[in-house]
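If you count the sequence shown from 1, position 15 lands on 23 in our numbering, and the numbers rise without skipping.
Cβ coordinates follow ideal geometry from the N, Cα and C atoms, glycine included.
Remember, it's a predicted structure, so these values are computed and weren't measured experimentally.
All remarks here apply to the structure that follows.
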Amino acid sequence: MDVFDEKVIIVEGTTDKRKVKDIIKEPVEIICTNGTISITKLDELIDSLFYRDVYILVDADEAGEKLRKQFKREFPEAEHLYIDKMYKEVASAPEKHLASVLTGANIDVHTEYLEKRMS
Numbered sequence: 009m010d011v012f013d014e015k016v017i018i019v020e021g022t023t024d025k026r027k028v029k030d031i032i033k034e035p036v037e038i039i040c041t042n043g044t045i046s047i048t049k050l051d052e053l054i055d056s057l058f059y060r061d062v063y064i065l066v067d068a069d070e071a072g073e074k075l076r077k078q079f080k081r082e083f084p085e086a087e088h089l090y091i092d093k094m095y096k097e098v099a100s101a102p103e104k105h106l107a108s109v110l111t112g113a114n115i116d117v118h119t120e121y122l123e124k125r126m127s
């Protein structure tokens with residue numbers, strides 16, 4: 009696969025990364041910001057992602073919103089994916105919910121996550 013047609017999902021933490029990685033079927037690079045990100049780091053990241061489809065999937069809390077605003081300002085080309093505010097964190101959102109958010113962005117997911125019953 010050519011690096012220039014890869015999709016990239018940016019998440020906050022390693023727990024988010026693991027959860028999203030399990031759901032996704034296609035090869036997608038998942039990058040952790042580990043919460044906040046410096047402007048220098050962000051600039052380096054943006055340079056490396058210039059020709060790729062970038063998705064921002066962060067928590068629906070204050071820290072996540074701050075990060076999202078930073079990406080909107082510095083990297084307006086990125087597509088923002090939102091989890092339902094009731095779940096607050098990507099890591100605590102049900103797989104079925106995350107799978108439908110990812111599918112909505114044309115990211116291929118394992119179908120069993122879409123079929124799971126809400127518990």
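Ignore the nearest five residues each way along the sequence and tell me which others in residue i's own chain have a CB closer than 6 Å to its CB.
{"i": "Ile-18", "result": "Ile-39 and Ile-64"}
Where does the unbroken beta strand (DSSP E) through residue i begin, and where does it stop?
{"i": "His-88", "result": "87-89"}
{"i": "Asp-61", "result": "61-65"}
{"i": "Ile-128", "result": "Beyond the ends of the chain as shown, which are 9 and 127, falls residue 128; an answer cannot be given."}
Who does residue i pair with in a DSSP beta bridge?
{"i": "Val-117", "result": "Ile-32"}
Which residue wins for smallest C-alpha separation from residue i, given the options the options?
{"i": "Glu-103", "options": "Arg-60, Asp-30 and Lys-74", "result": "Asp-30"}
{"i": "Ser-56", "options": "Lys-15, Ala-71 and Met-94", "result": "Lys-15"}
{"i": "Glu-87", "options": "Glu-52, Gly-112, Ile-32 and Met-94", "result": "Gly-112"}
{"i": "Ile-91", "options": "Ser-108, Ile-115 and Arg-26", "result": "Ser-108"}
{"i": "Glu-70", "options": "Lys-93, Ile-115 and Phe-58", "result": "Lys-93"}
{"i": "Glu-52", "options": "Ala-68, Phe-83, Lys-27 and Ile-32", "result": "Phe-83"}
State the start and end residues of the unbroken alpha helix (DSSP H) segment that holds residue i.
{"i": "Lys-80", "result": "70-82"}
{"i": "Ala-107", "result": "103-112"}
{"i": "Ile-54", "result": "47-56"}
Sorted by chain position, which residues of the same chain lie with C-beta nearer than 7 Å to residue i's C-beta, five sequence neighbours on each side aside?
{"i": "Met-9", "result": "Legend: pLDDT at Met-9 = 44, less than 50; position of this residue unreliable, no value from coordinates given."}
Leaving out five residues before and five after residue i in sequence, what residues of the same chain have Cβ atoms less than 8 Å from its Cβ?
{"i": "Val-117", "result": "Ile-31, Ile-32, Lys-33, Ala-107, Leu-110 and Thr-111"}
At least 3 beta-carbon pairs within less than 8 Å: the stretch 66-84 vs the stretch 27-45: yes
At least 3 beta-carbon pairs within less than 8 Å: the stretch 110-126 vs the stretch 91-100: no
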